[in-house]
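Visitor:
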Amino acid sequence: MKKNLLDKHLQEYQLEDSDAFWREVFAPQQGLFTPEEQERLRQATVAIPGLGGVGGTHLICLARSGVGRFKLAEFDTFEPRNISRQYGARVDSLGRPKGEVMLEEVFKINPFLEVEFYQEGLTPENARAFLEGVDVVVDGIEFFALEARKLLYDTAREMKIPVITAGPLAFSAVILVFHPEKSPSFAEYFDIRDDMSPAEKAIRFALGLAPKPVFLKYLDLTAIDLKKGQGPASVITCYLCSALAAMEAVRIILGRPGLQPVPHYFLFDLYLRETRRGILKSGNKSPLQRLKLFFLKRKLGL
Numbered sequence: 050m051k052k053n054l055l056d057k058h059l060q061e062y063q064l065e066d067s068d069a070f071w072r073e074v075f076a077p078q079q080g081l082f083t084p085e086e087q088e089r090l091r092q093a094t095v096a097i098p099g100l101g102g103v104g105g106t107h108l109i110c111l112a113r114s115g116v117g118r119f120k121l122a123e124f125d126t127f128e129p130r131n132i133s134r135q136y137g138a139r140v141d142s143l144g145r146p147k148g149e150v151m152l153e154e155v156f157k158i159n160p161f162l163e164v165e166f167y168q169e170g171l172t173p174e175n176a177r178a179f180l181e182g183v184d185v186v187v188d189g190i191e192f193f194a195l196e197a198r199k200l201l202y203d204t205a206r207e208m209k210i211p212v213i214t215a216g217p218l219a220f221s222a223v224i225l226v227f228h229p230e231k232s233p234s235f236a237e238y239f240d241i242r243d244d245m246s247p248a249e250k251a252i253r254f255a256l257g258l259a260p261k262p263v264f265l266k267y268l269d270l271t272a273i274d275l276k277k278g279q280g281p282a283s284v285i286t287c288y289l290c291s292a293l294a295a296m297e298a299v300r301i302i303l304g305r306p307g308l309q310p311v312p313h314y315f316l317f318d319l320y321l322r323e324t325r326r327g328i329l330k331s332g333n334k335s336p337l338q339r340l341k342l343f344f345l346k347r348k349l350g351l
């Protein structure tokens with residue numbers, strides 16, 4: 050939508066002023082947030098590296114929740130297989146940069162947002178600059194990109210910034226919050242080492258996300274190709290992940306009670322209508338997790 054058309058709509062509803070826009074647009078949240086909390090959301094900065102499967106919906110959900118500032122990073126382009134689950138993926142956006150498309154989408158929702166965009170994605174060279182001034186990180190990095198994810202978590206930990214990850218696994222959504230002082234590091238919790246193969250790292254990441262993987266009751270494991278970095282994914286779960294992640298981001302920004310950082314975990318499976326929650330004190334190093342890892346690797350032929 051062209052800027053002049055946006056301006057026309059804003060004028061029609063007398064919303065050319067950012068304060069007037071915020072008061073009117075986010076009025077339905079009154080009763081959930083105080084006016085002071087609404088302003089804190091408006092002034093908050095959320096970093097979202099990755100704007101694909103869950104990253105795009107994270108951005109839209111948080112923008113519609115009243116967050117006013119974002120730092121975004123994405124280097125990839127949309128391809129046909131993205132259409133089934135990624136927010137900005139459409140026939141007319143195929144081949145276009147994901148970041149470019151998602152910026153258009155989010156500014157159509159709120160043209161007064163402040164956004165800093167890193168078109169090269171998250172890199173060792175820009176990680177600290179990307180996280181500078183950020184209140185909370187919501188992880189939107191592609192599942193199998195574990196080197197980039199470790200860089201994100203390690204840098205955020207050094208800079209005392211909490212990181213939220215919401216993983217879509219089959220029809221289960223899992224939420225973890227890594228607190229810089231109350232949680233173990235990424236490598237400690239998932240028990241991932243640099244000398245491990247990509248497949249080994251991916252399995253450990255999945256098992257750490259979902260210590261009680263109830264979705265294995267119905268998931269066809271033959272659809273997972275660890276070597277190609279591919280597995281089943283549904284938009285149904287992506288949207289649930291973004292709802293869970295947005296709630297925790299808002300909780301952190303507003304200092305609301307109830308935060309349960311790692312080693313706490315929470316899983317909600319929509320298909321089975323089951324939830325699982327618990328505390329994984331030793332992460333993947335626990336004897337039970339090691340046993341699960343052994344059997345899961347056998348099932349996957351590793």
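Mapping to the working numbering: the sequence shown position 191 is 240, numbers consecutive. Yeah, the Cβ is synthetic: ideal placement off N, Cα and C, and Gly gets one too.
Are the CB atoms of LEU180 and ILE210 within a distance shorter than 9 Å?
Guide: By one-based count along the sequence shown, residue 210 stands at place 161. By one-based count along the sequence shown, residue 180 stands at place 131. For ILE210 and LEU180, yes; Cβs fall inside 9 Å.
Visitor: What residues in its chain sit with their C-beta under 6 Å from that of MET50, if we drop five residues either side in the sequence?
Guide: Here residue 50 refers to the residue found at position 1 of the sequence shown. Below a pLDDT of 50, predicted positions are generally treated as unreliable, and MET50, at 44, falls in that range; no measurement from the model is reported.
Visitor: Can you pull the DSSP bridge partners for GLN79?
Guide: In the sequence shown, counting from the first residue as 1, residue 79 sits at position 30. Answer by DSSP bridge pairing, in chain order: PHE82.
Visitor: Measure the CB-CB distance between ASP244 and THR214 and report whether it falls below 9 Å.
Guide: Counting from 1 along the sequence shown, the entry for residue 244 is found at position 195. Counting from 1 along the sequence shown, the entry for residue 214 is found at position 165. No, they are not a contact pair.
Visitor: Is DSSP giving SER221 helix, strand or coil here?
Guide: The residue you call residue 221 lines up with position 172 of the sequence shown. Of the three classes helix, strand and coil, the one that applies to SER221 here is strand, per DSSP.
Visitor: Going by DSSP, what residue range makes up the alpha helix (DSSP H) through LEU265?
Guide: As a first step, residue 265 is located in the sequence shown; it is residue number 216 there, counting from the start. No alpha helix (DSSP H) holds LEU265; DSSP gives it neither H nor E.
Visitor: Can you tell me the Cβ-Cβ gap for ARG134 and VAL284, rounded? I've got them flagged as a contact below 8 Å.
Guide: Walking along the sequence shown from the start, residue 134 turns up at place 85. Walking along the sequence shown from the start, residue 284 turns up at place 235. Right, the Cβ-Cβ distance comes to about 4 Å (below 8 Å), so this counts as a contact.
Visitor: Contact between the stretch 127-145 and the stretch 280-300: three or more CB pairs below 8 Å?
Guide: As far as the Cβ criterion goes, the stretch 127-145 touches the stretch 280-300, which means the pair count is three or higher.
Visitor: Taking the alpha helix (DSSP H) that HIS107 falls in, what are its first and last residues?
Guide: Your numbering for residue 107 matches position 58 in the sequence shown. Its alpha helix (DSSP H) spans residues 104-113.
Visitor: CB GLU191 to CB GLY102, shorter than 9 Å?
Guide: The residue you call residue 191 lines up with position 142 of the sequence shown. The residue you call residue 102 lines up with position 53 of the sequence shown. It is a contact, given that the beta carbons lie within the stated cut-off.
Visitor: Taking LYS199 as the reference, which of PRO98, VAL140 and LYS266 has the closest Cα?
Guide: To locate residue 199, count along the sequence shown from 1; it is residue 150. For the residues PRO98, VAL140 and LYS266, the minimum Cα distance to LYS199 belongs to PRO98.
Visitor: Decide if LYS266 is buried, meaning its Cβ has at least 16 other Cβ atoms within 10 Å, or exposed.
Guide: What you label residue 266 is simply residue 217 of the sequence shown in a count that begins at 1. Answer is exposed; the Cβ neighbour count stays below 16.
Visitor: Please report the residue range of the beta strand (DSSP E) in which TYR167 lies.
Guide: Position 118 of the sequence shown, counting from 1, holds the residue named residue 167. Unbroken beta strand (DSSP E) run through TYR167: 163-167.
Visitor: To the nearest angstrom, how far is the alpha carbon of LYS250 from that of LYS341?
Guide: In the sequence shown, residue 250 corresponds to position 201, counting from 1. In the sequence shown, residue 341 corresponds to position 292, counting from 1. When rounded, the distance between both Cα atoms is 14 Å.
Visitor: I need the DSSP call for HIS228, collapsed to helix, strand or coil.
Guide: Counting from one through the sequence shown, the residue named residue 228 turns up at place 179. Residue state, collapsed to three classes: coil.
Visitor: Taking C-beta to C-beta, are ALA255 and LEU225 nearer than 9 Å?
Guide: Position 206 of the sequence shown, counted from the first residue, corresponds to residue 255. Position 176 of the sequence shown, counted from the first residue, corresponds to residue 225. Against a cut-off of 9 Å, the Cβ pair of LEU225 and ALA255 comes out as no contact.
Visitor: Who are the Cβ neighbours of ARG242 in its own chain at under 8 Å, not counting the five residues just before and after it?
Guide: Stepping through the sequence shown from its first residue, residue 242 is reached at position 193. The answer, listed in chain order, is ALA236.
Visitor: Contact check, TYR314 vs PRO260 under 8 Å by CB: the rounded distance?
Guide: As a first step, residue 314 must be located in the sequence shown, where it is residue number 265. As a first step, residue 260 must be located in the sequence shown, where it is residue number 211. Between PRO260 and TYR314 the Cβ distance is about 6 Å, and since that is below 8 Å, they are a contact.
Visitor: Which same chain residues, not among the five before or five after GLN78, have their C-beta less than 8 Å away from its C-beta?
Guide: Numbered from its first residue, the sequence shown carries residue 78 at position 29. Excluding positions up to five away in sequence, the list reads GLN87, SER114 and GLY115.
Visitor: For LEU195, which option in GLN168, LEU55, PHE239 and ASP274 has the closest C-alpha, if you only look at C-alpha atoms?
Guide: Counted from its first residue, the sequence shown places residue 195 at position 146. With distances taken between Cα atoms, LEU195 lies closest to PHE239.
Visitor: Could you pull the DSSP bridge partners for GLY216 from this structure?
Guide: Here residue 216 refers to the residue found at position 167 when the sequence shown is read from its first residue. Answer is VAL223.
Visitor: Please return the same chain residues whose Cβ sits closer than 7 Å to the Cβ of ARG139, not counting the five positions on each side in sequence.
Guide: The residue labelled residue 139 in the question sits at position 90 within the sequence shown. Here the set comprises ILE132.
Visitor: What residue does the alpha helix (DSSP H) around PHE127 start on, and which one ends it?
Guide: Translated into positions along the sequence shown, residue 127 becomes position 78. Where PHE127 is concerned, there is no enclosing alpha helix (DSSP H), given that its DSSP letter is neither H nor E.
Visitor: Could you give the uninterrupted runs of the beta strand (DSSP E) lying entirely in the stretch 256-326, keeping only those of 3 residues or more?
Guide: Counting only runs of 3 or more, we get 313-318.
Visitor: Compare the C-alpha of ASP318 against each of PRO262, PHE343 and VAL212 and name the closest.
Guide: Within the sequence shown, residue 318 is the residue found at index 269, counting from 1. The shortest Cα separation from ASP318 among PRO262, PHE343 and VAL212 belongs to PRO262.
Visitor: Among the candidates ALA248, GLN338, CYS290 and ALA298, whose CA atom is the shortest distance from the CA of LEU275?
Guide: Within the sequence shown, numbered from 1, the residue matching residue 275 stands at position 226. Nearest option by C-alpha distance: ALA248.
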